[in-house]
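K.L.:
Residue numbers (this note's numbering), protein chains in the order written: chain C, -14 to 355; chain E, 887 to 1053; chain S, 74 to 203.
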């Protein structure tokens, strides 16, 4: 026993990623380890950097919408929505009320699909395989709904400047309402598997705590910020579309550990289901798109319209010089800002906990690297 | 595909005995084609469709495909997403770590030509075949899981035509 | 309420210290390249989480030698945003704790988001919408 105490160990570096099952894409973490304890971490990103901001400078506004799909590919609708809102704000275009409702329905269904993928992969990271299969079962149903209207499963290219690309069909409204009814019971099913599961609790309770002041200082948004006890949500703080007409709660955590981030997202799923229900029942008749010229030339100036994506605040900072192409398009993505805190959070935890902590960050590398 | 029928296409029963004859080629090819373990490695949107193909509704397991996290244990690499200048050398390394016989599927427009990022992108590589050899191309942005399954069936056909002596 | 402020680069740190109690949330930092004015314009987008006010600070930097003090000490979130601007625009942040390329490989040459950046092999998309 004494020999073990005197045993000299060396610090060494472990490169986790860019190909690693738990980094959710091509993130690379260079971990400095003392035995199994992480003493330092350097994230290395950019393995998916395609230069979207440069591409956007050579595209007409309508041609940029498909690229916003490929930012946060788990919730393409939020990317679409943030971009069209920004252009509409600058050009002074008001979409018809029906389009506003449709946008909210689609964005919230997409939030459900995104949170389901997160829940499935996160539980898979922790060794629970069943929730993964359950979550994908429900997600496929949401994708079927999207496919009915937009024709695609993942990259929708659905929002348009001044409305949406296609109207909702009666079949969609019926199926979506039925899905939401069913979904409420499904959330309970996931919770039965995880929420009070002792293994799950041991892996997440008090693991990877982010204090509220740190969360603000590092610019965290979305469920990451709310789990630390700060109730900030762009849907309520800077209401867009019809969110100010809907009633929904904004769940917040208290401790800011992995479990809180889990609980906030699961409760958000219930809230999103509530929002879809309200929007479906209030859906007005009318046009789904206003006429906007194909080659739209917004006035010179700049605009920024924050949108609450499943991961946090996504926003496009648009600088226009009055031509048909943006002069500069900066994309503020939630995952990029959320990830910047990672090296501070995982310090002192074991490698296995890094997987759990990173899982609750819910990063999408497409929008980190752009 | 009915596995038992597949076997009987290759083996001949000797009358009156329990001896079966086949060529090593068809035996190995049959085994190789029906246990393609793929590398758990996703780049972008297509990786989500790849996950969906492995999950509840599409269930790749029934084709003998299982994901492995280590390239040393895999036969198949599905390149699902845009290959960038920073990632290309890593893909090459991963491919080199895989043991022969190894196969590559380029899934989606980005992996085939650069797709939406063909024009104006300073960082995207115009197709993964600039980095590693590709066996099957699956178009789509992203391809549906059904398309991925079709691509895998095509790859299985290709494997079954291979020969151990000539490769 | 959105407020916009144009200041000189020497004033940045003092201004930041003054307003950091109110504008405690850094939304993003970015830059815009204006070759005809020979300027790189820095944009700091700040928000007050208390009353949701927005403050946009703009600073013009000379294009040849863009240098500015780092605000990573005031808003830690700035660390990655400044690395990104350094990577894509070549703006040098003085006093930054870890100024390296963040998105592009370390051996990359040039600042791609500058308007005059060119790279062999990049094909320009033909115009389809006039």
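Ideal Cβ placement from N, Cα and C applies to all residues, glycine included. This one's a predicted model, so the numbers in the text were calculated from it and none came from an experiment.
1) With a threshold of 7 Å on Cβ separation, who are the neighbours of residue 1019 (chain E) within its own chain once the five nearest residues in sequence on each side are excluded?
2) Using a Cβ-Cβ cutoff of less than 8 Å, which residues in the same chain neighbour residue 1004 (chain E) once the five nearest sequence positions on both sides are dropped?
3) Going by other Cβ atoms of all chains shown within 10 Å of its Cβ, with 16 needed for buried, is residue 1042 (chain E) buried or exposed?
4) Taking only runs of the beta strand (DSSP E) that begin and end inside the segment 1006 to 1035 of chain E, which ones reach a length of at least 3 residues, in chain order?
5) Tell me the rounded alpha-carbon separation between residue 14 (chain C) and residue 232 (chain C).
6) Any beta-carbon of chain C closer than 8 Å to the one on residue 1025 (chain E)?
7) With respect to the alpha helix (DSSP H) encompassing residue 105 (chain S), which residues constitute its N-terminal and C-terminal limits?
8) To the nearest angstrom, how far is it from the Cα of residue 951 (chain E) to the Cα of residue 1044 (chain E)?
9) Going by C-alpha distance, which of E:965, E:994, E:938, E:921 is nearest residue 103 (chain C)?
10) List, from N- to C-terminal side, the beta strand (DSSP E) runs of 3 residues or more that fit wholly inside the segment 942 to 967 of chain E.
11) With respect to the beta strand (DSSP E) encompassing residue 110 (chain S), which residues constitute its N-terminal and C-terminal limits?
12) Cβ atoms of residue 88 (chain C) and residue 226 (chain C): under 8 Å apart, would you say?
13) So, does the CB of residue 1010 (chain E) fall closer than 8 Å to a CB anywhere in chain C?
14) With 9 Å as the limit, tell me which residues of the segment 1026 to 1047 of chain E have their beta carbon closer than that to any beta carbon of chain C; keep them in chain order.
15) Run the CB neighbour count on residue 171 (chain S), radius 10 Å, all protein chains shown included, and call it buried at 16 or more, exposed below.
16) Would you list, in chain order, the members of the segment 953 to 985 of chain E that have their beta-carbon closer than 8 Å to a beta-carbon of chain S?
17) Pop quiz: residue 304 (chain C) and residue 313 (chain C) are said to be a contact at Cβ under 8 Å. What is the actual Cβ separation, rounded to whole angstroms?
18) Along the segment 986 to 1011 of chain E, what residues have a CB closer than 9 Å to any CB found in chain S?
19) Counting contacts by CB-CB distance shorter than 8 Å, is residue 1050 (chain E) in contact with chain C?
20) Looking only at its own chain, which residues have a Cβ that is under 7 Å from the Cβ of residue 160 (chain C), when we skip the five neighbours before and after it?
21) Taking only beta-carbon atoms, is residue 135 (chain S) less than 8 Å away from chain E?
22) Rounded to a whole number of angstroms, what is the C-alpha to C-alpha distance between residue 166 (chain S) and residue 970 (chain E)?
23) Is residue 1 (chain C) buried or exposed, if buried means 16 or more other CB atoms sit within 10 Å of its CB?
24) May I ask which residues mark the beginning and end of the alpha helix (DSSP H) holding residue 26 (chain C)?
25) Could you tell me the boundaries of the beta strand (DSSP E) in which residue -2 (chain C) lies?
26) Relative to the C-alpha of residue 133 (chain C), which residue among C:3, C:91, C:255, C:-4 is closest?
27) Can you find the residues in the same chain that come closer than 7 Å, C-beta to C-beta, to residue 887 (chain E), ignoring five residues on each side of it along the sequence?
28) Tell me whether residue 103 (chain S) is buried or exposed, calling it buried when 16 or more other Cβ atoms sit within 10 Å of its Cβ.
29) Indicate the three-state DSSP secondary structure (helix, strand or coil) for residue 184 (chain S) in the structure shown.
30) I'd like to know if residue 51 (chain C) contacts chain E, where contact means its C-beta is closer than 8 Å to some C-beta of that chain.
31) Could you list which residues in chain C have their beta carbon closer than 9 Å to that of residue 948 (chain E), in chain order?
32) Ends of the beta strand (DSSP E) at residue 142 (chain S)?
33) What does DSSP give as the partner residue(s) for residue 133 (chain S) in the beta ladder?
34) Which residues in the same chain as residue 80 (chain S) place their Cβ atom closer than 8 Å to its Cβ, once the five residues preceding and following it in sequence are excluded?
35) Does the separation of the CB atoms of residue 279 (chain C) and residue 196 (chain S) fall below 8 Å?
36) Grab me the residues of residue 36 (chain C)'s own chain with a C-beta within less than 8 Å of its C-beta, minus the 5 sequence neighbours each way, in chain order.
P.N.:
In brief:
1) Residue mapping note: residue 1019 (chain E) aligns to position 133 of the second chain, counting from 1. Same-chain partners within the cutoff: 990.
2) Reading the second chain from its first residue, position 118 is the one you call residue 1004 (chain E). Same-chain partners within the cutoff: 1010, 1012.
3) As a working note, residue 1042 (chain E) is residue 156 in the second chain. Buried, by the Cβ-count rule.
4) Scanning the segment 1006 to 1035 of chain E from its first residue to its last, the whole beta strand (DSSP E) runs of 3-plus residues come out as 1022 to 1024.
5) Counting from one through the first chain, the residue named residue 14 (chain C) turns up at place 29. Counting from one through the first chain, the residue named residue 232 (chain C) turns up at place 247. Taking the straight line from one Cα to the other gives about 41 Å.
6) Here the question's residue 1025 (chain E) lines up with position 139 in the second chain. Not closer than 8 Å to any Cβ of chain C, the Cβ of residue 1025 (chain E) fails to qualify, so no.
7) On the third chain, residue 105 (chain S) is found 32 positions in, with the first residue counted as 1. For residue 105 (chain S), no alpha helix (DSSP H) segment is defined; the enclosing uninterrupted segment is the beta strand (DSSP E) at 98 to 107.
8) As a first step, residue 951 (chain E) must be located in the second chain, where it is residue number 65. As a first step, residue 1044 (chain E) must be located in the second chain, where it is residue number 158. Residue 1044 (chain E) has its alpha-carbon roughly 16 Å from the corresponding atom of residue 951 (chain E).
9) For the purposes of this step, residue 103 (chain C) is identified with residue 118 of the first chain, where counting begins at 1. Nearest C-alpha to residue 103 (chain C): E:938.
10) Runs found: 952 to 954, 962 to 966.
11) For the purposes of this step, residue 110 (chain S) is taken as residue 37 along the third chain, with counting starting at 1. Looking at the DSSP string, residue 110 (chain S) is not in any beta strand (DSSP E), and its letter there is neither H nor E.
12) Walking along the first chain from the start, residue 226 (chain C) turns up at place 241. Walking along the first chain from the start, residue 88 (chain C) turns up at place 103. Going by C-beta atoms, residue 226 (chain C) is nearer than 8 Å to residue 88 (chain C).
13) Stepping through the second chain from its first residue, residue 1010 (chain E) is reached at position 124. Answer yes: the Cβ-Cβ gap between residue 1010 (chain E) and chain C drops below 8 Å somewhere.
14) Listed by position, the residues of the segment 1026 to 1047 of chain E near chain C (Cβ gap below 9 Å) are 1027, 1028, 1030, 1031.
15) As a position in the third chain, residue 171 (chain S) is number 98, starting the count at 1. Its Cβ having fewer than 16 others within 10 Å, residue 171 (chain S) is exposed.
16) Residues of the segment 953 to 985 of chain E with a C-beta atom less than 8 Å from some C-beta of chain S are 971, 972, listed in chain order.
17) Mapped onto the first chain, residue 304 (chain C) falls at position 319. Mapped onto the first chain, residue 313 (chain C) falls at position 328. Rounded, the Cβ-Cβ distance is 4 Å, consistent with contact.
18) So the close ones are 1004, 1005, 1006, 1007, 1008, 1009.
19) Within the second chain, numbered from 1, the residue matching residue 1050 (chain E) stands at position 164. Taking Cβ atoms only, chain C never reaches closer than 8 Å to residue 1050 (chain E), which makes this a no.
20) Position 175 of the first chain, counted from the start, is the residue given in the question as residue 160 (chain C). Contacts found: 130.
21) What you label residue 135 (chain S) is simply residue 62 of the third chain in a count that begins at 1. Contact with chain E is absent for residue 135 (chain S), since none of that chain's Cβ atoms lies less than 8 Å from the residue's Cβ.
22) Here residue 166 (chain S) refers to the residue found at position 93 when the third chain is read from its first residue. Here residue 970 (chain E) refers to the residue found at position 84 when the second chain is read from its first residue. Between residue 166 (chain S) and residue 970 (chain E), the C-alpha separation is close to 27 Å.
23) The residue given as residue 1 (chain C) occupies position 16 in the first chain. So residue 1 (chain C) ends up on the buried side.
24) By 1-based counting over the first chain, the position of residue 26 (chain C) is 41. Element bounds for residue 26 (chain C): not the alpha helix (DSSP H) but the beta strand (DSSP E), 22 to 29.
25) For the purposes of this step, residue -2 (chain C) is taken as the residue at position 13 of the first chain. For residue -2 (chain C), the enclosing beta strand (DSSP E) stretches over residues -3 to 1.
26) For the purposes of this step, residue 133 (chain C) is taken as residue 148 along the first chain, with counting starting at 1. Out of C:3, C:91, C:255, C:-4, C:91 has the C-alpha closest to the C-alpha of residue 133 (chain C).
27) Within the second chain, numbered from 1, the residue matching residue 887 (chain E) stands at position 1. Any reading at residue 887 (chain E) needs caution, since the residue's pLDDT is 47, under 50, leaving its predicted position unreliable; the model's value is listed next. Residues of the same chain with a CB within less than 7 Å of the CB of residue 887 (chain E), apart from the 5 flanking positions on each side, do not exist.
28) Start at 1 with the first residue of the third chain, and residue 103 (chain S) comes out as number 30. Label assigned to residue 103 (chain S): buried.
29) The count along the third chain starts at 1 and reaches residue 184 (chain S) at position 111. Residue 184 (chain S): coil per DSSP, three-state reduction.
30) Walking along the first chain from the start, residue 51 (chain C) turns up at place 66. Cβ-Cβ to chain E under 8 Å: yes for residue 51 (chain C).
31) Position 62 of the second chain holds residue 948 (chain E). Those within 9 Å of residue 948 (chain E) in chain C number zero; the least Cβ separation is about 14 Å.
32) As a working note, residue 142 (chain S) is residue 69 in the third chain. 140 to 142 is the extent of the beta strand (DSSP E) around residue 142 (chain S).
33) Here residue 133 (chain S) refers to the residue found at position 60 when the third chain is read from its first residue. Answer is S:114.
34) Position 7 of the third chain holds residue 80 (chain S). Excluding sequence neighbours, residue 80 (chain S) sits near 88, 130, 131, 132.
35) On the first chain, position 294 is the one that residue 279 (chain C) refers to. On the third chain, position 123 is the one that residue 196 (chain S) refers to. Contact flag unset, no.
36) Taking the first residue of the first chain as 1, we reach residue 36 (chain C) at position 51. If you ignore the 5 residues before and after residue 36 (chain C), its C-beta comes within less than 8 Å of the C-beta of 355, all in its own chain and listed in chain order.
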